[in-house]
Amino acid sequence: MSGLTPQEMVKSLIDSGYTQSQIAEIAGVKQSSISRLLTGVHSDPRFSTVRAIEKLFQEETAKQKA
1436 MSGLTPQEMV KSLIDSGYTQ SQIAEIAGVK QSSISRLLTG VHSDPRFSTV
1486 RAIEKLFQEE TAKQKA
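For the sequence shown, this note's numbering begins at 1436 and goes up steadily by one.
The structure is reproduced here in C-alpha cells:
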C-alpha cells in the first residue's frame, strides 16, 4: 500500500498528466466512478476499484523514479 487514499492517488495521477477518462479506462472502471471518488461523493469505493487505481499509481510512481 502507498499510504495514500484512493482520492489522493487519483489526484496525483491527474497531476502527472492523466485524465479521469484515461485513469478509468486503465483501471477498468467508469469515468463517473473516478469523478465521484475525486469529489468525495463516492467515499467507500469497491476494493477492486481501489486496487486498480493503486496498481496504476504504483506503475506511474515507478516510471517517475526511473
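The beta carbon of each residue, even a glycine, is placed where N, CA and C say it ideally should be.
G1475 and I1469 have their C-alpha atoms spaced approximately 10 Å apart.
The alpha-carbon separation between V1485 and K1500 amounts to approximately 22 Å. Boundaries of the alpha helix (DSSP H) around P1441: 1441-1450. The continuous alpha helix (DSSP H) containing S1467 extends over residues 1466-1474.
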